[in-house]
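Line by line, the protein sequences are chains A and B.
All letters in the first sequence, in the order written, are residues 1 to 176 by our numbering.
All letters in the second sequence, in the order written, are residues 177 to 624 by our numbering.
Note that the Cβ used here is the ideal one computed from N, Cα and C, for glycine as well.
In this text, all values refer to a predicted model and were calculated from it rather than measured experimentally.
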Amino acid sequence: MAPVQRPTPEAHFEQLLDQLEPRLKAVLARFRIPNQDAEDLLQQALLAFLCKRDGIRNAEAWLLGTLRNRCLMYWRGRRRRLYEAVDTSILESVAEPRRPSQEMADLCHDLDNILSRLPTRCQSLLRLRYRLGCEPPEAAQKLGYSASGIYKIIERCLAALTRQLVASGLVERGNG
Amino acid sequence: MARLHPDREHISRFFCGELPVADNRRVVLHLLSGCSSCRTTAQGLWPAAGSRAYPTLSDYDGAFRRVAIRVRDHADSLAAEHSAAPSLLARLQAHPFERCLVLVRNSRRFQTWALCELALREAFNAGFSDPQLAGQLGELGVAIADTLDPNTYGGRRTINDLKARALATLGNARRILSDFHAAEDAFDSADAHLAEGTGDPLERARLLDLLASLRSAQRRFTEALRCLDGAISIYRRLGERHLVGCMLINKGNVLGKSGDPKQAVEVVEEGLRAVDRNRDPRRLLAAKHNLVLYLHELGQLERAEQLLLELRPAYFELGDELNVLRLRWLEGLLHKAKGHLDSAATAFLEVKDGFAQRDMHLDVALASLDLAAIYAEQGRPAQVREVARQMLAVFSALSIHREALASLILLKDATVVERSTLRLIAETAEYLRRLRGDSHSSFLRRLS
Numbered sequence: 001m002a003p004v005q006r007p008t009p010e011a012h013f014e015q016l017l018d019q020l021e022p023r024l025k026a027v028l029a030r031f032r033i034p035n036q037d038a039e040d041l042l043q044q045a046l047l048a049f050l051c052k053r054d055g056i057r058n059a060e061a062w063l064l065g066t067l068r069n070r071c072l073m074y075w076r077g078r079r080r081r082l083y084e085a086v087d088t089s090i091l092e093s094v095a096e097p098r099r100p101s102q103e104m105a106d107l108c109h110d111l112d113n114i115l116s117r118l119p120t121r122c123q124s125l126l127r128l129r130y131r132l133g134c135e136p137p138e139a140a141q142k143l144g145y146s147a148s149g150i151y152k153i154i155e156r157c158l159a160a161l162t163r164q165l166v167a168s169g170l171v172e173r174g175n176g
Numbered sequence: 177m178a179r180l181h182p183d184r185e186h187i188s189r190f191f192c193g194e195l196p197v198a199d200n201r202r203v204v205l206h207l208l209s210g211c212s213s214c215r216t217t218a219q220g221l222w223p224a225a226g227s228r229a230y231p232t233l234s235d236y237d238g239a240f241r242r243v244a245i246r247v248r249d250h251a252d253s254l255a256a257e258h259s260a261a262p263s264l265l266a267r268l269q270a271h272p273f274e275r276c277l278v279l280v281r282n283s284r285r286f287q288t289w290a291l292c293e294l295a296l297r298e299a300f301n302a303g304f305s306d307p308q309l310a311g312q313l314g315e316l317g318v319a320i321a322d323t324l325d326p327n328t329y330g331g332r333r334t335i336n337d338l339k340a341r342a343l344a345t346l347g348n349a350r351r352i353l354s355d356f357h358a359a360e361d362a363f364d365s366a367d368a369h370l371a372e373g374t375g376d377p378l379e380r381a382r383l384l385d386l387l388a389s390l391r392s393a394q395r396r397f398t399e400a401l402r403c404l405d406g407a408i409s410i411y412r413r414l415g416e417r418h419l420v421g422c423m424l425i426n427k428g429n430v431l432g433k434s435g436d437p438k439q440a441v442e443v444v445e446e447g448l449r450a451v452d453r454n455r456d457p458r459r460l461l462a463a464k465h466n467l468v469l470y471l472h473e474l475g476q477l478e479r480a481e482q483l484l485l486e487l488r489p490a491y492f493e494l495g496d497e498l499n500v501l502r503l504r505w506l507e508g509l510l511h512k513a514k515g516h517l518d519s520a521a522t523a524f525l526e527v528k529d530g531f532a533q534r535d536m537h538l539d540v541a542l543a544s545l546d547l548a549a550i551y552a553e554q555g556r557p558a559q560v561r562e563v564a565r566q567m568l569a570v571f572s573a574l575s576i577h578r579e580a581l582a583s584l585i586l587l588k589d590a591t592v593v594e595r596s597t598l599r600l601i602a603e604t605a606e607y608l609r610r611l612r613g614d615s616h617s618s619f620l621r622r623l624s
């Protein structure tokens, strides 16, 4: 009787790829990953699998779970960069020394307007940040937060602020 | 003057983080002004909005095809690296350790994932017989991980996972060498890298397992148990029954060490029912070894002896020299418990000499104290003094704590063996066990 040939690791990987293709695509679709970024996420997950596979018993569960994680991190990173862009834009604008006084007044009005729609603790925090120029440790001290925990709170408040930037119902300047 | 509205393309690129800083500012200030038409556009492009349609699977056909081609090429080169790793490690180990690190940093040939993983596996295995080598291999693994190209191995986060694993392995080696501060540093660094990793739960579980060993050695048993419960939870979620069993065994060991042998026996037995007996014979042996110890502590000598008899061949089959010494130590304890003091003394003497050959001074001391306890029970003060004298010489040279030295001086000077002598021996042994785990513990000396 001929000995049973076990598939080589390469053949096993090919089989796995064929088998999992629809489910991997489904993960990307469920997270609405843009096509150009999907390629990177998929490649990273598959390369990581090839590197780590000696220690992985359930390849299917690991690959699908890893791709899901990558998708979550992708959006977390995108959101974080967006909040940073909003934050930096406002910080630099309010700090700009040569901004004409009418423009500065309009900016402050718009800022107050949008901040007033945020939860109370975000209003306090972001007013300290934008109107009084408080750094996070100082703001933490004034508001009674821990020095390490303030950064998470700032991120949540920036998320709320960014959502308000695109929220409906915002009163346009000059419309009362 | 016409209002300058950012066009749709601009707003889309803003959400994608693709605009220069100055353009970001223009978009933000414009949205801040409350422009309703631009807000409506932004809502449609807002990444988290539910209004965007889900892609179809076929939308990813092209991406999948391109990735599959690239990854297949990588698979071949990764397989070649895997095959080359053992000979590369052998080549490195032919050099002095410091030279190995230079070679790794300067020669691309040694900068592979497979070589790093091999070094880490060897580091872990070396911990059972050659802790110094384990430390060196752990450092080698860390050095190799630092050189790896993220583009080749799935990105920066995947590399961070491996760095975390390397640092945890190094921390484990340092723990075995009783350098707990250095071990703590390594684990802190491992944790930081894992936080910037892929989120792979297997890596987190591995780190928790090794960290639990450090916490246990530091006698921070509550934290050790918490780490192990975390690992158990992860492995249960992943359906890894054997690894759940392994973590239960480790948990049992922590319970035993914390002074709860009854609970330890229950948990270790639960773990033994779950593990795959063929998969990790060394761990199985260690678990049963500790089970014998706990049964001995509970006074269940017959059951302990029976189990040890069944286990004995496995110690020699596995060939870990340190574990063979520990077998002998266990035999000595059982002899002592049954009142066979001469047999116990012979065993403890062999163990003491075995650890002395490996420069494992605290283990030498503990075995010596077990031996001194036998001599004390046999009413042999000269032998007690001689053992204490030998330990004093070693400890003075190593700058061991003054309190331990003081108690050894008392033992050395004891002219008769009294109950207080036995108590002093027991307290010194307990102190040294704590010293292995806690360098700041105080030692209360009883006056004889």
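| Item | Value |
| --- | --- |
| Reduced DSSP secondary structure (H/G/I, E/B, other) of B/Ala-358 | helix |
| Rounded distance between the beta-carbons of B/Gly-432 and B/Tyr-470, thought under 8 Å | 5 Å |
| Neighbourhood of B/Pro-377 by C-beta distance below 6 Å, restricted to the same chain and skipping five residues each side | Ile-410 |
| Minimum Cβ-Cβ distance from B/Pro-182 to chain E less than 7 Å | Here chain E cannot be found, since the structure's protein chains are A and B. |
| B/Val-430 and B/Ala-400 closer than 7 Å at C-beta | yes |
| Chain B within 7 Å of A/Glu-39, Cβ atoms only | yes |
| Contacts around B/Cys-192, its chain only, beta-carbon distance under 6 Å, and the 5 residues preceding and following it disregarded | none |
| Segment contact flag, the region 56-64 of chain A with the region 31-38 of chain A, C-beta cutoff 8 Å, min 3 pairs | no |
| Beta carbon proximity, B/Val-280 to chain A, threshold 7 Å | no |
| Per-residue contacts from B/His-250 into chain A (C-beta, under 7 Å) | Leu-47 and Leu-50 |
| Nearest-angstrom Cβ-Cβ length linking B/Leu-384 and B/Phe-363, presumed shorter than 8 Å | Not a contact, Cβ separation roughly 10 Å. |
| For A/Asp-106 and B/Val-203, the rounded distance between their alpha carbons | 15 Å |
| Span separating the alpha-carbon of B/Glu-185 from that of A/Glu-21 | 32 Å |
| Straight-line Cα distance separating A/Leu-158 from A/Arg-147 | It is Ala, not Arg, that sits at residue 147 of chain A in the sequence shown. Approximately 18 Å, taken between the alpha carbons. |
| CB contact below 7 Å: B/Tyr-639 versus chain A | Since the first residue of chain B shown is 177 and the last is 624, residue 639 of chain B is not available in this structure. |
| Endpoints, the alpha helix (DSSP H) within which B/Cys-211 is located | No alpha helix (DSSP H) contains B/Cys-211, which DSSP labels as neither H nor E. |
| Beta-carbon spacing of A/Ile-114, A/Gln-164 below 7 Å | yes |
| Interface flag, B/Tyr-491 vs chain A, CB-CB below 7 Å | no |
| B/Ala-305 vs B/Asp-529 beta-carbon contact at 7 Å | As written in the sequence, residue 305 of chain B is Ser, which differs from the Ala given in the question. Their beta carbons are not under 7 Å apart, which means B/Ser-305 does not touch B/Asp-529 by this criterion. |
| Residue burial classification, B/Ala-290 (beta-carbon count within 10 angstroms, cutoff 16) | buried |
| Contact set between A/Val-86 and chain B, taken where Cβ atoms lie within less than 7 Å | Val-204 |
| Chain A contact residues for B/Arg-246, given Cβ-Cβ distances below 8 Å | Gln-43 |
| 7 Å Cβ cutoff, A/Arg-81 in contact with chain B | yes |
| N-terminal and C-terminal residue of the alpha helix (DSSP H) that B/Ser-544 is part of | 537-553 |
| Beta-carbon gap between A/Ile-153 and A/Pro-136 smaller than 7 Å | no |
| Interface partners of A/Met-73 on chain B, CB under 9 Å | Arg-333, Thr-374 and Gly-375 |
| Below-7 Å beta-carbon distance, B/Tyr-551 vs any chain A residue | no |
| Segment contact flag, the region 344-361 of chain B with the region 323-335 of chain B, C-beta cutoff 8 Å, min 3 pairs | no |
| B/Leu-414 - DSSP class collapsed to helix/strand/coil | coil |
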